[in-house]
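Step one of this worksheet: look at the structure below.
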Amino acid sequence: MIDPLLFTTATVAGLYTATRAYQRIQLSLAKHPSLTGHTRMAKRVARMIPGYAYDESRFFDSDEAPLEIVARRRKAFAELCTYYDTHYTHSAALTAQAREGISDLQFTGAYRVPFQYSAYLRRHLRLGSFVRASSGVEVEDLDGNRFLDLTGSYGVNLLGYDFYKECIAAGAAQVQALGPVLGQYHPTVADNVQALRRISGLDEVSFHMSGTEAVMQAVRLARYHTGRTHVVRFPGAYNGWWEDVQPGPGNPLAPRHTYTLRDMHPRTLHVLATRKDIACVVVNPLQALHPNAGAPGDSSLIDSSRRAGVDHEAYARWLSQLREVCTARGIVLILDEVFVGFRLARGGAQEYFGVRADLVTYGKTLGGGLPVGVLCGRADLMKRYREERPVDICFARGTFNAHPYVMGAMNVFLKHLESPTMQALYDGLDERWGRRLARMNDAMAAANLPVRVAGLSSIWTILYNEPSRYNWMFQFYLRRHGLGLSWVGSGRLIFSLNYDDVQFDEVVRRFVAAGLAMREGGWWHAQAGASNRQIRRSVLREMMARRFFGRA
Ligand SMILES: Cc1ncc(COP(=O)(O)O)c(C=O)c1O
C-alpha cells in the first residue's frame, strides 16, 4: 500500500520538475539559433578560436586567387601604403607614438579587420587617429586632409559639428556664473526636464554621465519595482557595455540574470507571457536594421554574408506586441534610444514606430556635444524609495550628473529641437534619406560594383553582393578617397542631417572612385564557384587546423 503523503509529495515534485523542464525548453526554443542567441556558447567558442596571423603571402592569396590577381593586389597595396605614408604623415606618426599609452587605440587598431590580416596590415598601412578641426560636414587631420565625415561621432553628430560647437559655447555662457558646482542645480536643469517630459511623453527624468549608466539605472529600477531578477535583451543588440546587458564575448563573466531571446519572434512573446522572473525587456530600435545580428563591424567581415534592411511595419508591429505582453505581465518595457533618439523623429523611436515605453534612455546627441545619459520614465517606476519601507531604497548617484556645462549645452540642443527649423528638417526626413540611399545604390550598380547600402534613415551599413574575403579592404579605399569612417569600417556609416544634396553627391562620387580602385586592385576577384558558405568553411577549417595541429 502506497503512503498517501508520499504519493502526494512525489506527484507535486514531479509536476514541479515537469513544469520547470517545460519552461526551460520554452526558453531554449526562444533563443536565436545563431551564436548571437547563445551567449554562453559564444563565449566558449570565442575562447577556443586560436590567434594566428597571415604571413605576407597568405595576406594576399587567402582565397587562393590566381598569381596575376595576387600580383595586382600586391601592387595596389604598396600604392595604398605609399599614399597613406605621404598624405597622413603627421597623424600617423602621433598615432604610432601615442599608441603605447592608449589602450583604446591599441584595441580599435587591432580590430579594424579580421584578425588574421590585422598584424600585416598594421605593419604596413599606417593609419592616423588624430584630427584637429571640423567644420560643415568635414573633419581635418593633422596633415590638413579633409574627410567627409561618415563616422557621426558614434551617433552624437546629428546636426553638424558647427551646431554642437555653438551648443557648447552658448551653453557654457548660460552657466558660466555658476561654473562647475555640483549637487545643486542650475536653473537650466528645470527647463531641460520640462522639455524632456514633453518630448518623451513620460513623467520624470534622471541625469547620468553616459548612455551605459542610463541603461543601468533603467534596469535597476525595473528590478526594484517588479521584485524580479531577469533582463530580456535581443541578439546582437548593443545597450552599452554594462555587465547584464552585454553578455557573451567581450564580458569576462558568464550571463547571470540575462535572457537573450529572439527578436521579432512569437516564442519570445511566449516566454514573456509565461515566466515570472522577468523584470524588463530592453530594446535598441537600431536592431530594426539587422534583427538578431550584431553590429556589423569589419573585424568579422570574412565573407559577403552581411545582411540588413528595415521592414518598418513589421518592426512597429513587433514593438506593439512587446508592449502588449509587457503590460499584461507587469514587465517594464525599456526603449534604449541612446543611439537613435532624435535621429528618426523628434519624439524618437517611440514616435517613429508608434510605441509607448515605460522607461526610455537617451544620450549621445542630447548632450549638445558633451557627455550624457538620460533616463525618462513613468513616475511610479522612477521612484527610488518606498514610503512604507523607507530603508528599502534603489540607490543611484553619480558625481557629475546634471553638470551645469552639460545642462547648458543640452538646453541649447533641446531649444533647437523644438524649433520650427528642426521641424522642417524632420519633415520628409525618411524620404530624403531613402532617396539618397537609392541614389547610392544606383551609382554602385551603374559602376558594376559589388557594393550596396542599407539603412535606417541616416544610419547606413555597407553590404557586399559577391562572395569575397577582402571586403574589409574597402574601408581603406574609402578613407583614401576622403571619406572619414570610424574604426568599425564599412559596417556603420552615420550621416549628420546637415549633409546637403551637393555634399551627398560628392560622397557618392568618392564611393564610386573608391570602389573602382578597389576592383582595379584585384580585391574583388570572383573565384569560379566561390560562395559565402565555402569561404566560411575554409576559414573554419583553417582555425581548426591551427587549434589542433598548430598550423593553418
Ligand atoms: C543603444 C545604445 N545604448 C547605450 C549605449 C551606451 O552609451 P555610452 O557609450 O554613452 O555609454 C550606446 C552606445 O553606443 C547605444 O548605442
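Numbering follows our numbering, with no gaps: position 482 of the sequence shown is 628. Quick reminder that beta carbons are idealized off the backbone N, C-alpha and C, glycines included. Just so it is clear, the structure is predicted and the values come from calculations on it, not from any experiment.
N-terminal and C-terminal residue of the beta strand (DSSP E) that residue i is part of
i	result
R379	H376 to R379
V552	First-last for V552: P550 to L563, but that is the alpha helix (DSSP H), not the beta strand (DSSP E).
I480	V478 to D482
G523	G519 to G523
I608	I605 to Y610
Residue i classed as buried or exposed, judged by whether at least 16 other C-beta atoms fall within 10 angstroms
i	result
Y168	exposed
T567	exposed
M187	exposed
H458	exposed
N385	buried
P401	buried
V259	buried
A592	exposed
T507	buried
G396	exposed
Q320	buried
T155	exposed
N303	buried
M195	The amino acid occupying residue 195 in the given sequence is Ile; Met does not appear at that position. That one is exposed.
G394	buried
Q433	buried
M410	buried
E210	exposed
D646	exposed
N594	exposed
F253	exposed
Q621	buried
S264	buried
F694	exposed
T404	buried
Any non-hydrogen atom of ligand 1 closer than 6 Å to residue i Cβ
i	result
G494	no
N430	yes
T406	no
N338	no
F485	yes
D482	yes
N587	no
G574	no
S356	yes
G702	Limits of the chain in this structure are 147 at one end and 698 at the other, which puts residue 702 out of reach.
G509	yes
Extent of the continuous alpha helix (DSSP H) run through residue i
i	result
F353	Where F353 is concerned, there is no enclosing alpha helix (DSSP H), although the beta strand (DSSP E) it sits in stretches over E350 to H354.
R193	T185 to M194
S281	It is not in any alpha helix (DSSP H) - S281 instead sits in the beta strand (DSSP E) that spans V277 to S281.
E389	Neither: E389 is in no alpha helix (DSSP H) and is coded neither H nor E.
G509	Where G509 is concerned, there is no enclosing alpha helix (DSSP H), although the beta strand (DSSP E) it sits in stretches over L505 to G509.
L512	Per DSSP, L512 belongs to no alpha helix (DSSP H) and is neither H nor E.
C540	That residue, C540, is in no alpha helix (DSSP H); it is neither H nor E in DSSP.
L151	P150 to L175
H178	First-last for H178: undefined, no H or E at that position.
V216	L213 to H233
F704	The question about residue 704 has no answer, for the chain in this structure spans 147 to 698.
Q208	Note that residue 208 is Ser in the sequence shown here, rather than Gln. S208 -> no alpha helix (DSSP H), and no H or E assigned at all.
G696	Taken as a continuous stretch (DSSP letters only), G696 belongs to no alpha helix (DSSP H), as it is neither H nor E.
E497	G494 to F499
C-beta neighbour in chain B for residue i, strict 7 Å
i	result
G298	Any reference to chain B falls outside this structure, which holds one protein chain only.
In chain order, each alpha helix (DSSP H) run of at least 4 residues that lies wholly inside the segment 403-471: 412-420
Length at least 3, wholly inside the segment 626-685: the beta strand (DSSP E) runs in chain order: none
Any alpha helix (DSSP H) of 4 or more consecutive residues that is wholly inside the segment 563-596: 566-572 and 575-592
3-residue-minimum beta strand (DSSP E) runs that sit fully inside the segment 235-297, ordered along the chain: 277-281, 284-287 and 292-295
Ranges of the beta strand (DSSP E) found wholly within the segment 304-366, counting only runs of at least 3: 350-354
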